[in-house]
Every structure is written in structure tokens, then in C-alpha cells.
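J.: Mapping the sequence shown onto numbering that gives the first Met the number 0, position 2 (from 1) lands on 1, and the numbers just tick up by one. One structure, as C-alpha cells, below. Some questions next.
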Amino acid sequence: MTTTVEIDSKIYSALQQSFGEARLKEKFNDVLLAGLKSRLEKYTQEILSFEQKYGVSFQEFDLLWDEGKIANPHSHEVEADYVDWEMLEMEKKELLAALKQVKAVNGD
0 MTTTVEIDSK IYSALQQSFG EARLKEKFND VLLAGLKSRL EKYTQEILSF EQKYGVSFQE
60 FDLLWDEGKI ANPHSHEVEA DYVDWEMLEM EKKELLAALK QVKAVNGD
């Protein structure tokens, strides 16, 4: 199954001239994989920063939060960290799933 993606004609022409028509699909797949991996690495680094800051994983932090064992849980900083950290964990999970699917389609 294929899906059509719109690309600016000037960009398409530049890519076609650089790689040739036959290699465009391969190059798009490479760029997609590289983008997913780059974003995954970025999120992983940001998650690691929170883990170092609080000394626990998000799952542990969430449990400590629910148990009332986080100091100043309703301070702006801690609440913002909680929301950001939770979002990063969800995004990372979604990226891993997408990466797995793309690799399966590519036969990796």
C-alpha cells in the first residue's frame, strides 16, 4: 500500500537531480528513519535530564507524586517538570512504535 505525499516541486526537482528518480524512495525512507532516530535521541536525552534531576525514572516519580512524597509538588517548577516529562515519555513511546513499523516495512 502506498500513500501520496505532497512535496514542493522545486524541492522534488532538486532531490531528483541529486539522487535520480530511482533512488528517491530509498532516500525518503532514509530521511524518515534519520528524523525519527534524531527525535528519539533528543527525547531520550531530555528524559535522562529529568531522571538525573530527580534521581528516579518517570514511573517512580509518578508513584512518588501519587503517594505525596515529592517535595513541593505544586510548585511551578515541579508541576512543569511533571507535565513535560510525562509528555516526553508518551512521545518516546509513540516514536519507538513508529520506528519499529518503518523498520519492518523497510525489512530492517
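For each residue, glycine too, the CB sits at the ideal point set by N, CA and C.
1) Just checking my contact of Ala-103 with Leu-35 at CB under 8 Å: how many whole Å lie between their CB atoms?
2) Starting from the Cα of Val-4, find the closest Cα among Leu-31, Gln-16, Glu-90 and give me that residue.
3) For the pair the segment 81-95 and the segment 45-52, tell me if three or more CB-CB distances fall below 8 Å.
4) Taking the continuous alpha helix (DSSP H) assigned at His-75, which residues delimit it?
5) If you drop the 5 nearest sequence neighbours on each side, which residues of the same chain put their C-beta closer than 8 Å to that of Lys-91?
6) Hey, could you find the ends of the alpha helix (DSSP H) Asn-28 is sitting in?
7) Identify whether Glu-20 lies in helix, strand or coil by the three-state DSSP scheme.
8) Just curious, the alpha helix (DSSP H) that Glu-59 is in, first and last residue?
9) Should Phe-57 and Glu-76 be called a contact, given that it needs their Cβ atoms to be closer than 7 Å?
T.: With the structure as the only source:
1) Cβ atoms of Ala-103 and Leu-35 stay farther apart than 8 Å, at about 13 Å.
2) When only C-alpha atoms are compared, the closest one is Leu-31.
3) Enough Cβ pairs lie closer than 8 Å, so yes.
4) Per DSSP, His-75 belongs to the alpha helix (DSSP H) from 75-105.
5) Closer than 8 Å at the Cβ level, and outside the excluded window around Lys-91, lie Leu-39, Tyr-42, Thr-43, Ile-46.
6) DSSP places Asn-28 inside the alpha helix (DSSP H), whose first and last residues are 23-53.
7) If DSSP states are grouped into helix, strand and coil, Glu-20 belongs with the helices.
8) Its alpha helix (DSSP H) spans residues 57-65.
9) For Phe-57 and Glu-76, no; Cβs fall outside 7 Å.
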